[in-house]
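In terms of the numbering used here, the sequence shown is residues 3 to 273.
Built from N, CA and C at the ideal position, the CB exists for glycine as well.
Structure, as structure tokens:
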Amino acid sequence: MAFVEHDEGKIWYQVTGSGQPIVLSGGFGLLHNQWDFVRDLLATEYQVIDWNYRGAGKSERSWPGGLYSQESWVDDLETVLAHLGLNNVVLWGTSTGSPLSIRYTAKYQRRVKALITYPMFKADAGFRQAFDGFRSIGEMFGYEALACLTSWIGCAQENLFTAKQGELAKWEAECFAANFSLETMGETMRIVTTNDLSGDLPKIQVPCHLLMGRSGNLGYDSPGNRQLADEFQTLVTHATLDVIEGGGGTYCMIETPDTTAEAVKRYIASL
Numbered sequence: 003m004a005f006v007e008h009d010e011g012k013i014w015y016q017v018t019g020s021g022q023p024i025v026l027s028g029g030f031g032l033l034h035n036q037w038d039f040v041r042d043l044l045a046t047e048y049q050v051i052d053w054n055y056r057g058a059g060k061s062e063r064s065w066p067g068g069l070y071s072q073e074s075w076v077d078d079l080e081t082v083l084a085h086l087g088l089n090n091v092v093l094w095g096t097s098t099g100s101p102l103s104i105r106y107t108a109k110y111q112r113r114v115k116a117l118i119t120y121p122m123f124k125a126d127a128g129f130r131q132a133f134d135g136f137r138s139i140g141e142m143f144g145y146e147a148l149a150c151l152t153s154w155i156g157c158a159q160e161n162l163f164t165a166k167q168g169e170l171a172k173w174e175a176e177c178f179a180a181n182f183s184l185e186t187m188g189e190t191m192r193i194v195t196t197n198d199l200s201g202d203l204p205k206i207q208v209p210c211h212l213l214m215g216r217s218g219n220l221g222y223d224s225p226g227n228r229q230l231a232d233e234f235q236t237l238v239t240h241a242t243l244d245v246i247e248g249g250g251g252t253y254c255m256i257e258t259p260d261t262t263a264e265a266v267k268r269y270i271a272s273l
């Protein structure tokens, strides 16, 4: 495994393939596993960079003072890309990896060729309540119960209450157990539920592409998520939109990897 030394610990990263660099930032519990089904599809044409921010996944879990923040995670990504000597990267973020990718683009725009993201740029009261529920369920019932909930929230409408959702839940539980500690989950929730990057969006001058699945609780067809996408495009007027059929909002790369990978390839080819 590859690590870059940070002033406060080690940050894990992985490089697969060669070509145009594309940096993947997944959701809080899945992290690099969010991309398990599209990574090899992308690596046929691109240099794919996976990584984990401090305190999670394969990165060092123990940090002085136990301090975590969105800004420190963004700076962790800068540490990785500076270590690799990469510029002109395409960032692809989804779920809670979206605000991280958005903030990185606004802060370190000189390194970014384009941003691909789900439109999760701010947290409202409902979002905070949902994540409070995640923490309570995880602390009381463990990774398996939490994965049953998150898979129901994330997957496409057509996969709800099917064997496919059950398979996703089992896989997620295994990823969760490997990627984060239930004891520190509350701190992660605090960070992601206080995000509001509305002020960063107008600063984004590089090409920007919204990518999301159509159905499910987090899909484009859900009114609240469509409103977020519309507001995003109002604040980033040059942002384009791609809606993936048959995939959940932030699970399209898991449920429909071939279609999603092809959409990403088309967008990068258009730059």
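Per DSSP, glutamate 10 lies in no alpha helix (DSSP H) and is assigned neither H nor E.
Between the alpha carbons of glycine 28 and leucine 213 lies a distance of about 13 Å.
The Cβ-Cβ distance between valine 50 and arginine 41 falls below 8 Å.
Distance between glutamate 264 and arginine 216, taken at the CA atoms: about 16 Å. Here the alpha carbon of glycine 11 sits roughly 8 Å from the alpha carbon of serine 64. Here arginine 228 has Tyr222 as same chain residues with Cβ atoms under 6 Å from its own Cβ, once five neighbours each way along the sequence are excluded. Going by C-alpha positions, threonine 164 is about 42 Å away from lysine 205. Proline 209 counts as buried, since at least 16 other C-beta atoms from the protein chains shown sit within 10 angstroms of its C-beta.
Between valine 76 and lysine 109, the C-beta gap is smaller than 8 Å, which places the two residues in contact.
Look at glutamate 160 here: in three-state DSSP terms it is helix.
The continuous beta strand (DSSP E) containing glutamate 247 extends over residues 242-250. For phenylalanine 234, the secondary structure class from DSSP, reduced to helix, strand or coil, is helix. Taking C-beta separations shorter than 7 Å and ignoring five residues to either side along the sequence, the partners of leucine 273 in its chain run Lys115, Ala116 and Pro209, following chain order. The beta carbon of isoleucine 246 is closer than 8 Å to those of Leu213, Met214, Gly215, Arg216, Cys254, Thr258, Thr261, Thr262 and Ala265 in its chain, skipping five residues each way along the sequence. The C-alpha of valine 6 is placed about 35 Å away from the C-alpha of tryptophan 154. Remark: C-beta atoms of glutamate 62 and glycine 21 do not approach each other more closely than 8 Å.
Rounded to the nearest angstrom, the Cβ distance from threonine 195 to phenylalanine 133 is 5 Å, consistent with a contact under 8 Å. DSSP places serine 71 in the coil class of the three-state scheme, outside both helix and strand. Going by beta carbons, cysteine 177 and asparagine 35 fall inside the 8 Å limit.
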